[in-house]
Every structure is written in C-alpha cells, then in structure tokens.
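One structure below.
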C-alpha cells in the first residue's frame, strides 16, 4: 500500500459505504434476501473492493468505478424530484420508476455508454478548424497553421494510423506545422519514440514543422523512459522537425514565431525558461506574433506584450468528464479547451490533443488536430 492510498483511506471507506447501500438496494429490488448475514458479508466485501479500486487513480478500474459512483450520486436528486412529481399523479408510474431507480440500471448503463463513446472518441482523431482575424498587415491569403499536441504516442494510435492522419493533414495544405508538446511520454518505448517522429516528419508545409516541449516529453526522475533526451532530439532533427526552446524565428517579413520552453523545465533539471519580456526583446510586434506554450498560462501577460495568437495543449480538454468542469471551477491553467479571446488583439487556442494520457478513454473532449486560418484585413 503506498502512502498516497493511505491518505485516501477515509475517501475509500466513504465510497465503499455508498456502494454497500447501492448494491443492497439493487439486490433488494430483485428480491434478494439482503438481511441474511452471508449476503451482507458478500455485499460488504464487494463494496470494499470497489472503494479500493476507486483509489487507484492511475488504473482503468478506477475510471469505471468512479463513473458509476458519480452517476449514481446524481440519481438521488432526480429520484427526489420524480417522487414529488408522481406521488400525486400516478402511483403506478411511481412504482415503475422506483424499480428502475432501485435496480441501479441507469448509472450503470450510462457509465457503459459514456466509456464506450470515450474509447471511440480517443481512437478517432477529428479535424477542428478556427479562423483568426488580424488587423496587422500580413500577406495576401494569410497563413494556415496545423496544430498537433498531446499525442502521448502509444496510448491510442499506432504508427500506421498516425501516418494516415499525417497524410490527411497534408491534404489541408498548411503553411506551417506546430507540434505543441507531449508528443511522447514515459509509456512510449524507444521504438515508438522513433516511429512517432518518423511519421510526423512526413508532414508537409511551406515553412516547416516546429516543436516545443511539453511536461511529459523529456525523461524525468520519477517515470520510466527507455530513451534519452539526446535520442529524442536526434530523432526530431533526422525527420526535419525544428526544436524551439525559448527561441524566436522570423518566418516571413510579417510573421514571427515565439517558441517557449515548458514551465516544467526547471523542475525537471532542463534549465530555466526565459520570461516573455526577455523573449519579446527580440520580437517586432508590428509583425503577426504566434507564441507557442504547451501549458496554457500567462494569458494576460501575452495580451499585454504583443502576442497575436497563443497556441497550447496540455489539458486534453479535461479528458474525463467531469474533470473538464472541475478544471473550469479550479483554474489550474488559464483555459481548458477551445478558443479564448484574451483581449481585442490576442486570441488563445487550446487543443484537446491527438490522444490523452494514461487512460484508454476520452469522454470530455474530442481527439483532434487543429487547422487555423489566420486572415488579414
């Protein structure tokens, strides 16, 4: 038993207690002798097991158990409302509802549907498109940007599937391709690391493919990586991917790219990232400024300093419902998913990513790549 799970013992017991009464109600609805001691012991044992599974937040079983738990809890106010509505109108309908509620069928079936759809969602990458207007004097026709982040290669797509998606992106004819971090993680093997950059190296654009680090790409002490940081950089360079670490690149005479080091760099021993002020000393803000930052933060600072478009990933759109809602309530980042207008001149877009992290499902947002058209006045 690890220390984290010890701290969760009160939560484990609370969830187990809830499941004890949930399972007891289910069995009673089907006529089981729930007052008999052997059955009570059995219900208690299963409930404790479900509570234990719920505490393994990295495990697939926890995803299933917590979805059922969440939806079962949400059924209580619905049950209260149904009793109020039908107690005076139709005793027969109320009786049918009580059996449905008691059976636990709704939270179990809804959980199954949600998780099946989440599995499908994770394994079917779609295109999401945005148009960003700028008052700056950019070239006729503007710029088309392809944005990819959070592939976490090895979680869902294999090499051939990723290659097929890259060919699909090529048909959109992007002017520049952005890889906004967490392309790989600790579960990615050395072979997969080479495969993912080989596939991404087939992306075609006028100005090339640019990459900024995420918080999972590089080896760090408390996760297992089978490749080194140098191996990763070599694989990207071999496949024509340009790595930006607090770098400013003048793409054209009216379009500049600012690629930021990830916020985690200092914590994991990869150096301190530069401030926006330090980076923008090298930027002509009369040009259209595209800033890349894996983690969606410092929105106000980007608006004030002259960023026109800020691209990020990292959040996975919340990945699992209702975490996406919780992330809006508790602001871990400045945004969760989609488009944000920071001010009149600055737009931020957060992609939910090509895949997700760790879990085999994605219920809160689509798996996607993003095509952004920047249009001038």
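Residue numbers (the numbering used here): 15 to 391.
In this text, a Cβ means the ideal position worked out from N, Cα and C, and glycines have one as well.
As the structure is a prediction and not an experimental result, all values here were calculated from the model.
Taking residue 117 as the reference, which of 33, 340 and 338 has the closest Cα? Locating residue 117 in the chain shown gives position 103, where the first residue counts as 1. Comparing Cα-Cα distances from residue 117 to each of 33, 340 and 338, the minimum goes to 33.
When DSSP builds the beta bridges, which residues end up paired with residue 354? Residue mapping note: residue 354 aligns to position 340 of the chain shown, counting from 1. According to DSSP, which records beta bridges pairwise, residue 354 is partnered with 362.
Classify residue 291 as helix, strand or coil using the three-state DSSP reduction. As a first step, residue 291 is located in the chain shown; it is residue number 277 there, counting from the start. Residue 291: helix per DSSP, three-state reduction.
For residue 375, the three-state DSSP class (helix, strand or coil): For the purposes of this step, residue 375 is identified with residue 361 of the chain shown, where counting begins at 1. In this structure, residue 375 counts as coil in the three-state DSSP scheme.
Compute the distance between the beta-carbons of residue 327 and residue 180, then report whether it is under 7 Å. The residue you call residue 327 lines up with position 313 of the chain shown. The residue you call residue 180 lines up with position 166 of the chain shown. No, they are not a contact pair.
Identify whether residue 15 lies in helix, strand or coil by the three-state DSSP scheme. Start at 1 with the first residue of the chain shown, and residue 15 comes out as number 1. Only weak support is given to the placement of residue 15: the predicted model assigns it a pLDDT of 47, under 50, and the question is left unresolved by the model.
Could I get the ranges of all uninterrupted alpha helix (DSSP H) runs contained in the stretch 237-298, with 4 residues as the minimum, in chain order? 243-252 and 290-294
Kindly indicate the opening and closing residues of the alpha helix (DSSP H) around residue 125. Position 111 of the chain shown, counting from 1, holds the residue named residue 125. From DSSP, the alpha helix (DSSP H) with residue 125 extends over 119-136.
Would you mind reading off the limits of the beta strand (DSSP E) that contains residue 171? If you number the chain shown from 1, residue 171 lands on position 157. Looking at the DSSP string, residue 171 is not in any beta strand (DSSP E), and its letter there is neither H nor E.
Within 10 angstroms of its Cβ, does residue 278 collect 16 or more other Cβ (buried), or is it exposed? Stepping through the chain shown from its first residue, residue 278 is reached at position 264. It is buried - the Cβ of residue 278 has at least 16 other Cβ atoms within 10 Å.
What is the rounded straight-line gap between the Cα of residue 47 and the Cα of residue 40? The residue labelled residue 47 in the question sits at position 33 within the chain shown. The residue labelled residue 40 in the question sits at position 26 within the chain shown. Approximately 11 Å between the Cα atoms of the pair.
Among the residues of its own chain, which have a CB less than 6 Å from the CB of residue 191, if the five just before and after it don't count? Within the chain shown, numbered from 1, the residue matching residue 191 stands at position 177. Closer than 6 Å at Cβ, skipping near neighbours: 160, 217, 219 and 223.
Out of curiosity, what's the CA-to-CA distance linking residue 129 and residue 136? For the purposes of this step, residue 129 is taken as the residue at position 115 of the chain shown. For the purposes of this step, residue 136 is taken as the residue at position 122 of the chain shown. Straight-line measurement puts the Cα of residue 136 at about 10 Å from the Cα of residue 129.
Residue 206 lies in the alpha helix (DSSP H); which residues open and close that run? Taking the chain shown and counting its residues from 1, one reaches residue 206 at position 192. It spans 204-214 - the alpha helix (DSSP H) in which residue 206 sits, taken as one unbroken run.
What is the residue span of the alpha helix (DSSP H) that residue 339 lies within? Indexing the chain shown from 1 puts residue 339 at position 325. Where residue 339 is concerned, the enclosing alpha helix (DSSP H) stretches over 337-343.
Could you compute how far the alpha carbon of residue 247 sits from the alpha carbon of residue 56? For the purposes of this step, residue 247 is identified with residue 233 of the chain shown, where counting begins at 1. For the purposes of this step, residue 56 is identified with residue 42 of the chain shown, where counting begins at 1. The alpha-carbon atoms of residue 247 and residue 56 are separated by roughly 55 Å.
Mind checking whether residue 213 and residue 171 have CB atoms under 7 Å apart? In the chain shown, the residue the question calls residue 213 occupies position 199. In the chain shown, the residue the question calls residue 171 occupies position 157. The answer is no: Cβ separation not under 7 Å.
In the stretch 26-86, which residue ranges form an unbroken alpha helix (DSSP H) of at least 4 residues, counting only runs that do not cross its ends? 51-69
Please report the distance separating the alpha-carbon of residue 197 from that of residue 94. Here residue 197 refers to the residue found at position 183 when the chain shown is read from its first residue. Here residue 94 refers to the residue found at position 80 when the chain shown is read from its first residue. Spanning the two alpha carbons is a distance of roughly 47 Å.
Residue 315: first and last residue of the uninterrupted alpha helix (DSSP H) it sits in: Reading the chain shown from its first residue, position 301 is the one you call residue 315. Run containing residue 315: 313-319, per the alpha helix (DSSP H) assignment.
Judging by CA-CA distance, which residue of 155, 61 and 146 is the nearest neighbour of residue 355? The count along the chain shown starts at 1 and reaches residue 355 at position 341. Considering only alpha carbons, the answer is 146.
My understanding is that residue 320 touches residue 303, with C-beta atoms under 8 Å, so please give their C-beta distance in whole angstroms. Here residue 320 refers to the residue found at position 306 when the chain shown is read from its first residue. Here residue 303 refers to the residue found at position 289 when the chain shown is read from its first residue. Residue 303 and residue 320 do touch by the CB rule: their CB atoms are close to 6 Å apart, below 8 Å.
Other residues of its chain near residue 15: CB distance less than 6 Å, five sequence neighbours each side excluded: Residue 15 sits at position 1 when you count from the first residue of the chain shown. The pLDDT assigned to residue 15 is 47, lower than 50, so where the model puts this residue is not dependable, and the model offers no usable value.
Would you say residue 162 and residue 383 are within 7 Å of each other, going by their C-beta atoms? Walking along the chain shown from the start, residue 162 turns up at place 148. Walking along the chain shown from the start, residue 383 turns up at place 369. A contact, by the Cβ cut-off of 7 Å.
Closest Cβ-Cβ distance between residue 345 and chain C: below 7 Å? Protein chain content of the structure displayed is limited to a single chain, and chain C is not contained in it.
Would you kindly check if the distance between the Cβ of residue 227 and the Cβ of residue 199 is under 7 Å? As a position in the chain shown, residue 199 is number 185, starting the count at 1. As a position in the chain shown, residue 227 is number 213, starting the count at 1. No; because the gap between Cβ atoms is not below 7 Å, this pair is not in contact.
Between the C-alpha atoms of residue 97 and residue 27, what's the straight-line distance to the nearest angstrom? Walking along the chain shown from the start, residue 97 turns up at place 83. Walking along the chain shown from the start, residue 27 turns up at place 13. Approximately 29 Å, taken between the alpha carbons.
Determine the DSSP secondary structure at residue 107, reduced to helix, strand or coil. Position 93 of the chain shown, counted from the start, is the residue given in the question as residue 107. Here residue 107 sits in helix by DSSP.
Under 8 Å by Cβ, that's how I've got residue 377 and residue 334 pegged, so tell me the actual separation to the nearest angstrom. Residue numbering aside, residue 377 sits at position 363 when the chain shown is read from its first letter. Residue numbering aside, residue 334 sits at position 320 when the chain shown is read from its first letter. Indeed they touch by this definition, with Cβ atoms about 5 Å apart.
Need the endpoints of the beta strand (DSSP E) that residue 161 sits in, please. As a working note, residue 161 is residue 147 in the chain shown. Start and end: 157-162.
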